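Presented below is the structure to which this report refers.
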C-alpha cells in the first residue's frame, strides 16, 4: 500500500507532471515566471490549495454527487454527477476564499508571501484539472491526497525551472517576433522533454 | 454602410488576427495544447468553446446592470460552468467517442482564461449583440490556432488527417518514419511557439 502511494506520488511529480505532460495551469505559469521569487510563492500556494481541494472534492463527489452516493440519505437511485463541474469549481473558489481569510488571521507572514497569489489560483486550471482527473481515474481517498500534493510539487518544480531559465534569458538576443511568448513555449517544450526522461520509471511493478 | 466597416465586424475580426487570444494575449493555452494531437478533437473543442463563449458573453452582457460589482466573479463562474455542463452533456449524448478523447478538457473550459477574460473585459461593458460577435470572434481566433497545431501534430506525428492515412505507403517503404515526438507533450509546446513566431512576423510586416 505504502509503496503504491509512493510510486503514485513520484509519478504525479515527475512522469505525469500536471503542467508539462497535461498542460494544466499554463496561464499563470507563463504570466508569473518572470522571477524566481514570485514563482516560488505561487508554486507553494498551488501546492497548498491543491492538497486541500483535491481531497475536499473527493469527499463531495463520493458522498454527494456519484451515482448512488446519496444512499446514506435514503436516495440510492439519485445520480448527481452532472453537477460535478459546478460544485467542484464552487468548492475551489470557496476554499481559496476561506484559506485566504484564515491565513490573514493566523499567519500574516505567510499571508503577505502567498496572499496576492491566492485569488489567481481559483481560476488556475491545474486545480480543477486535478479534481477532474481524480474522478476520471477512480482514485480512493489516500491516493487523492497523494495525487493532489504530488501534482502541486510537480507544478512548483516546473515553474521554478522556467523562472530560472527566463532570468538568464533576459540577456539573450532573439530573432524579432520570437521573443516573448514564442520562445517561452519552446523553452517549456525543452523542459518538458527533459521531464520525459523519467517516463518508464516504476518503483513497484 | 459596408459590412466590413461595422463595429460588429471589427470586434469579430480583431481576435482572429491582431488580438488573437492564444498567440498574442497568451490566454487559454492549457486546452489548446492538450486536445491537438488529432484534428477531430480540435474541431470539436473549437466548436464547444465558441458556443460556450458566445452564450456566456450574451448572458453576462444581459445581466451586466444587475450583477453587484463585488460578487461578479462568482456569478460569471456560475454562468460559465452551467453552460459547460450543458456542452459536456450534449457531447456525451451525441459524440461519445470524442467526448472520451477530450476527457477532462471539456470541464476545463470553465477555467479557460479566455472566457473569464472576455466576460470581464468585454461583456460587462457592452450590449448583448456586439458581445455575441466578440464571443464568436474570440472562439474562432482560439480555434484556428488549435486546428493549425492539430494539423501539424497529426500529419507529422501519425501521418494521418482526420484519421485517414495521408502519407502514402511508398514513402514509408523508402524509410520515412512518423515523428513520435509530435504526439507527445513537448511537440505541442514547440509547434505552438513556432506558429506564434510566424504569426508575429507576418503581422509586423503587413
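Protein chains in written order, with the working numbering: chain P, 55 to 259; chain A, 585 to 790. For glycine and all other residues, C-beta sits at the position ideal for the given N, C-alpha and C. As the structure is a computational prediction, the values presented were derived from the model and not from experiment.
Chain P contacts made by the region 699-721 of chain A, where a contact means CB separation under 9 Å: 700
field: Backbone secondary structure at residue 653 (chain A) - three-state DSSP
entry: helix
Start-to-end residues for the alpha helix (DSSP H) that takes in residue 116 (chain P): Residue 116 (chain P) -> no alpha helix (DSSP H), and no H or E assigned at all.
task: Whole angstroms is fine: what's the gap from residue 679 (chain A)'s alpha carbon to residue 669 (chain A)'s?
output: 15 Å
query: Would you say residue 93 (chain P) reaches chain A, if we count a Cβ-Cβ gap shorter than 8 Å as a contact?
result: no
- prompt: Excluding five sequence neighbours on each side, which residues of the same chain lie with their C-beta closer than 7 Å to the C-beta of residue 238 (chain P)?
  reply: 84
- prompt: Since residue 202 (chain P) contacts residue 108 (chain P) with CB under 8 Å, what's their CB separation in whole angstroms?
  reply: 3 Å
message: Please list, in chain order, the residues of the region 185-200 of chain P that have any C-beta partner in chain A closer than 7 Å.
response: 186, 187 and 190
message: Using only the alpha-carbon positions, how far apart do residue 131 (chain P) and residue 93 (chain P) sit?
response: 46 Å
message: Let's see if you can read the secondary structure: which residues bound the alpha helix (DSSP H) around residue 764 (chain A)?
response: 764-767
field: Beta-carbon spacing of residue 182 (chain P), residue 771 (chain A) below 8 Å
entry: no
task: Note down, in chain order, every chain P residue with its Cβ under 8 Å from the Cβ of residue 610 (chain A).
output: 81, 84, 85 and 235
task: Sort A:758, A:622 and A:590 by Cα distance to residue 747 (chain A) and report the nearest one.
output: A:622
- prompt: CB-CB under 7 Å to residue 643 (chain A), same chain, minus the five flanking residues each way: which ones, in chain order?
  reply: 663
message: Quick check on the burial criterion: 16 or more other C-beta atoms within 10 angstroms. Buried or exposed for residue 628 (chain A)?
response: buried
Residue 773 (chain A) in three-state terms, based on DSSP: helix
query: Between which two residues does the alpha helix (DSSP H) carrying residue 238 (chain P) extend?
result: 235-250
query: Residues bridged to residue 749 (chain A) by DSSP?
result: A:744
task: Excluding the 5 residues preceding and the 5 following residue 165 (chain P) in the sequence, name in chain order all residues of the same chain whose CB lies nearer than 8 Å to its CB.
output: 154, 157 and 158
query: Name the chain A residues that come within less than 7 Å of residue 219 (chain P), Cβ to Cβ?
result: By Cβ distance, chain A contributes nothing, its closest Cβ being about 13 Å from residue 219 (chain P), past 7 Å.
Amino acids of chain P, ordered along the chain, whose beta-carbon sits closer than 8 Å to that of residue 673 (chain A): 136
Inter-residue CB distance, residue 732 (chain A) and residue 779 (chain A) (contact presumed, cutoff 8 Å): 6 Å
field: residue 81 (chain P) - containing alpha helix (DSSP H), residue span
entry: 80-85
message: Looking only at its chain, what residues have a beta carbon closer than 7 Å to the beta carbon of residue 718 (chain A), apart from the 5 residues adjacent to it on each side?
response: 595, 641, 702 and 706
- prompt: Is the beta carbon of residue 100 (chain P) less than 8 Å from the beta carbon of residue 211 (chain P)?
  reply: no
- prompt: Is the beta carbon of residue 693 (chain A) less than 8 Å from the beta carbon of residue 634 (chain A)?
  reply: no
message: Taking a contact to mean a Cβ-Cβ separation below 8 Å, would you say residue 700 (chain A) touches residue 737 (chain A) in this structure?
response: no
- prompt: On the three-state DSSP scale, how would you describe residue 598 (chain A)?
  reply: coil
message: Between residue 115 (chain P) and chain A, is the shortest Cβ-Cβ distance under 8 Å, so that the two count as touching?
response: no
Integer-rounded CB distance, given that residue 200 (chain P) should sit under 8 Å from residue 97 (chain P): With 8 Å as the limit, residue 97 (chain P) and residue 200 (chain P) do not qualify as a contact, their Cβ atoms being about 18 Å apart.
field: Cut-off 6 Å between Cβ atoms - residues of its own chain near residue 727 (chain A), not counting five sequence neighbours on either side
entry: 630
- request: Run through the region 102-190 of chain P for me and flag every whole beta strand (DSSP E) of 3 or more residues, listed as ranges in chain order.
  value: none
field: Close-in-space but distant-in-sequence residues of the same chain around residue 246 (chain P) (CB under 6 Å, 5 per side omitted)
entry: 74
Terminal residues of the alpha helix (DSSP H) in which residue 636 (chain A) lies: 623-646
- prompt: If you draw a straight line from the alpha carbon of residue 683 (chain A) to that of residue 232 (chain P), how long is it in whole angstroms?
  reply: 35 Å
- prompt: Excluding sequence positions up to five away, which residues of its chain have a Cβ less than 8 Å from the Cβ of residue 136 (chain P)?
  reply: none
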